[in-house]
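A.B. asks: So the sequence lines, in the order shown, correspond to chains A and B. Take the first sequence: its letters are residues 1 to 338, numbered as in full-length UniProt numbering. Take the second sequence: its letters are residues 1 to 338, numbered as in full-length UniProt numbering. Every residue, glycine too, gets a C-beta built ideally from N, C-alpha and C. Have a look at this one.
Protein chains: 2
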Amino acid sequence: MTKMSDVARLANVSTATVSRVLRNPEAVTEPTKHKVLEAIEELNYQPNMLARHFRRTETNTILVVVPNIINTVFAEIVGGIEDEASKKGYRVLLRNSNNQIDSEYGSIEHMKQRQVDGMIMLSPKLDEETLLDISNQYPIVLATAHLDGVKIPVVSIDNINSSKKATEHLISLGHKRIAHLTGPLYSLISKNRCKGYRRAMIENGLEIYSNLILEGDFTYESGYKQMKKLLDLENPPTAVFAASDDMAMGVVNAAKHHGLNVPGDLAVVGFDNIKFSSIFDPPLTTIAQPMFGMGKRAMELLIRKFKGESLSQTEHVLPDKLIIRESCGTKQKESTVV
Amino acid sequence: MTKMSDVARLANVSTATVSRVLRNPEAVTEPTKHKVLEAIEELNYQPNMLARHFRRTETNTILVVVPNIINTVFAEIVGGIEDEASKKGYRVLLRNSNNQIDSEYGSIEHMKQRQVDGMIMLSPKLDEETLLDISNQYPIVLATAHLDGVKIPVVSIDNINSSKKATEHLISLGHKRIAHLTGPLYSLISKNRCKGYRRAMIENGLEIYSNLILEGDFTYESGYKQMKKLLDLENPPTAVFAASDDMAMGVVNAAKHHGLNVPGDLAVVGFDNIKFSSIFDPPLTTIAQPMFGMGKRAMELLIRKFKGESLSQTEHVLPDKLIIRESCGTKQKESTVV
DNA sequence: TTGTACGCGTTATCAA
DNA sequence: TTGATAACGCGTACAA
């Protein structure tokens, strides 16, 4: 393999000069630069990045830890990260944690071993203490996460408020028995979405029935399964707010298979605005998370950390939006009560 | 940062011995090994991987070039690659080409610069000559690709036969005016799926109408748009075979919005068996590609290349399967002809 | 502006 | 089985 000394020899300069041409061209006169570039061209020289990384103790690579790349939400965020990263000259190492906390621990080793310059974790399961500990030693940014008062950069939306909006939309349509399917409750995100739901119910003077709040895990299957349970209730809900679009689709299909009409007999609101939520029948009313933008922003923040900025602001809340489609009906429902 | 020589000093051995303990433990006696491990523990030593990679000119990292990670099909294949890679101690570098051929060229630089040990390209746009040229110099495996007689390992399904099966399913239901939405025709995959369609039509004595074959780009939007065109025909088709599930959903929705019933008025078959194809209404009849398995297999082949195997067999065809759901009706359609 | 020469931390070779 | 030592290729003081 042709190396820097080969180029130097051909161009009749030292390796130092070749190095300068590559990394600090202003420090070299036009003619010598020309000579060197010609030699590089002629020999088809490519710098050995491994040597460079070793020498500079940096890799221009970041690690993205994702629960599961097959999930549309994460795939889109990763898309945003990759887009921004490649524009800024960074490479993206992908790691599926499969929701295993051990795997998240393992990813920290990557940084300790200098294999990456920093990392972005999506929906981490690690406890706040551990995360803070890592953050004090290495550049790390979280996305779709929420920590209470811990000083780590986090990119997210306002999960409480957006869920409140979603629930209030159902309330505004006249619904009173509104169920909520949560995400896994170990995550603060799921708790916050639930909190938004509760807040909307309380502020509108509606009763919260504990048997109308069921825990899911964001998947279609869990939405389907939990909806079945709700349908078996003596007094089933007239509306469901699901904490993910996947679950919302499970809810809709369970209702359909049970002979119900959506939105006629049951109104459903989802969360995420994944691509298929608009393709689905009926198209889902949902909260749009700017997934691509969140990924992009997370990468921007990480780069700022690389540059040594201290990022006084740690919570980066991006705007969400209630997208009204057909899954909860657009017309007011005639009030069945009072 | 604590380095190998620190460990060596504390354990009263040479760095060579420390290195051996880490990478070749059998070559060291039990007591010295013990000493060394203790010192490692005590100093909380982590090997500097950059130095190791540099010294060994290998990175244990592979590059995956993907047109777009947001596409479910690619996300699942990447999932399979990542799964296998992490089991075998490899890391996965992700690169979105966004279907830009320049970006694919760029990814080759990664290998020339030794940043990765090898690469897997999904649905490459690069021409065969270039690919062959790379393959002669570096370990590379392709997936969801097809090359005519070129000696590069490729993982795929039999696109011709599976498309033939899909089309024949429609034929067996009594359809005669069967349209086909192709993928982008620069890709041999799309051409092959089209070939399978044609073959089925011809072998069953059905006429091929050129205005019933339209080119799409695998997206929902293109399926929707092209279906609109078909609906405007004087004599629209009674069935459509779309070369991707995304397009098939576009077809179904265009038909629905046009007031048609699927499968009652129009039978639709898709391709890929993405997760949402079964959630969609009606659930899509489709050809299942073993996406996760294809990713896994591609990674296995790449590892075999790393080991210096020559892989006499270059085409690795995985089994596909026709999944019959409801989008084309299960009952025989009464014959409208003869 | 350019060149000399050393060091980054690990692994491999060779000798003991 | 272990140790001494020389690379690996690049970047950067420091000197010229």
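Once DSSP output is grouped into helix, strand and coil, what is the label at B:T72?
C.D. replies: Collapsing the DSSP output to three states places B:T72 in a helix.
A.B. asks: Once the 5 residues before and after A:S163 are set aside, which same chain residues still bring their CB inside 6 Å of it?
C.D. replies: R193, G196 and Y197
A.B. asks: Could you tell me whether the stretch 167–177 of chain A touches the stretch 130–139 of chain A, where touching means 3 or more Cβ pairs closer than 8 Å?
C.D. replies: no
A.B. asks: Per DSSP, what kind of secondary structure is B:T336 in: helix, strand or coil?
C.D. replies: Residue placement at B:T336 cannot be trusted, given a pLDDT of 43 that sits under 50; the coordinates are not used to answer.
A.B. asks: Going by C-alpha to C-alpha distance, which of B:T167, B:G89, B:N98 and B:E76 sits closest to A:D83?
C.D. replies: B:N98
A.B. asks: Going by the beta-carbon positions, is the gap between B:A179 and B:P237 smaller than 7 Å?
C.D. replies: yes
A.B. asks: Going by DSSP, which residues form a beta bridge with B:V269?
C.D. replies: B:F241 and B:T285
A.B. asks: Let me know if A:R91 comes out buried or exposed under the rule of 16 or more other beta-carbons within 10 Å of its beta-carbon.
C.D. replies: buried
A.B. asks: One question on the structure: do B:T314 and B:K88 come within less than 7 Å of each other, judged by their Cβ atoms?
C.D. replies: no
A.B. asks: State yes or no: is the beta carbon of B:N48 nearer than 7 Å to at least one beta carbon in chain A?
C.D. replies: yes
A.B. asks: Restricting to Cα atoms, I'd like to know which of B:T219, B:D133, B:K256 and B:K112 is closest to A:K3.
C.D. replies: B:K112
A.B. asks: Residues of chain A with a CB under 7 Å from the CB of B:R91: which are they?
C.D. replies: In chain order: L93.
A.B. asks: Answer yes or no: do A:R95 and A:S86 have a C-beta to C-beta separation smaller than 7 Å?
C.D. replies: no
A.B. asks: Does B:N273 have its Cβ less than 7 Å from a Cβ in chain A?
C.D. replies: no
A.B. asks: Could you name the residues of the stretch 74–88 of chain A whose beta carbon sits closer than 8 Å to any beta carbon of chain B, in the order they occur along the chain?
C.D. replies: A75, E76, V78, G79, E82, D83 and S86
A.B. asks: B:H257 by DSSP, collapsed to three states: which one?
C.D. replies: helix
A.B. asks: Tell me, please, whether the CB atom of B:F54 is closer than 7 Å to any CB atom in chain A?
C.D. replies: B:F54 counts as touching chain A.
A.B. asks: Out of A:Q289, A:G270 and A:G216, point me to the one whose CA is closest to A:I157's CA.
C.D. replies: Considering only alpha carbons, the answer is A:Q289.
A.B. asks: Compare the C-alpha of A:I81 against each of A:F271, A:L122, A:R114 and A:H34 and name the closest.
C.D. replies: A:L122
A.B. asks: Give a yes or no on whether 7 Å exceeds the smallest Cβ distance from B:I70 to chain A.
C.D. replies: Contacts with chain A at 7 Å (Cβ-Cβ) include B:I70.
A.B. asks: Measure the C-alpha to C-alpha separation of B:F241 and B:E203 and round it to an integer number of angstroms.
C.D. replies: 17 Å
A.B. asks: Name the two residues that bound the continuous beta strand (DSSP E) containing B:K321.
C.D. replies: K321 to I323
A.B. asks: Using CA coordinates, which residue listed in A:E58, A:K305 and A:N261 is at the minimum distance from A:E326?
C.D. replies: Selected option, being the one with the closest Cα: A:N261.
A.B. asks: Using a beta-carbon distance below 7 Å, is A:A51 in contact with chain B?
C.D. replies: yes
A.B. asks: Roughly how far, in whole angstroms, is the beta-carbon of B:A255 from the beta-carbon of B:L266, given that I think they are within contact range, below 8 Å?
C.D. replies: About 5 Å separates the two Cβ atoms, so the contact holds.
A.B. asks: For B:K35 and B:A8, which I take to be in contact (beta-carbon distance under 8 Å), what is that distance rounded to the nearest angstrom?
C.D. replies: Their Cβ separation, rounded to whole angstroms, is 10 Å, which puts B:K35 and B:A8 out of contact at 8 Å.
A.B. asks: What residues from the stretch 162–189 of chain B come within 7 Å of chain A, judged by C-beta to C-beta, listed N to C?
C.D. replies: none
A.B. asks: Taking only beta-carbon atoms, is B:K112 less than 7 Å away from chain A?
C.D. replies: yes
A.B. asks: Which residue spans inside the stretch 174–240 of chain A form an unbroken alpha helix (DSSP H) run of at least 4?
C.D. replies: 188–203 and 220–231
A.B. asks: Less than 8 Å between the CB atoms is what I'm expecting for B:G250 and B:S222, so what's the real figure, rounded?
C.D. replies: A Cβ-Cβ distance of about 7 Å is found for the pair B:G250 and B:S222, placing them in contact under the 8 Å criterion.
A.B. asks: Roughly how many angstroms separate the alpha carbons of A:L50 and B:V116, rounded to a whole number?
C.D. replies: 10 Å
A.B. asks: Once DSSP output is grouped into helix, strand and coil, what is the label at B:L126?
C.D. replies: coil
A.B. asks: Give the single residue among B:V18, B:P153, B:G216 and B:N60 whose Cα lies nearest to the Cα of B:R297.
C.D. replies: B:P153
A.B. asks: Whole-angstrom Cβ separation of A:F271 and A:D232, contact assumed at under 8 Å?
C.D. replies: Incorrect: roughly 24 Å between the Cβ atoms, too far for contact.
A.B. asks: Are the CB atoms of B:E76 and B:M299 within a distance shorter than 7 Å?
C.D. replies: In this structure, the beta-carbon distance from B:M299 to B:E76 does not fall below 7 Å.
A.B. asks: Across which residues does DSSP place B:L94 in a beta bridge pair?
C.D. replies: A:V92 and B:V64
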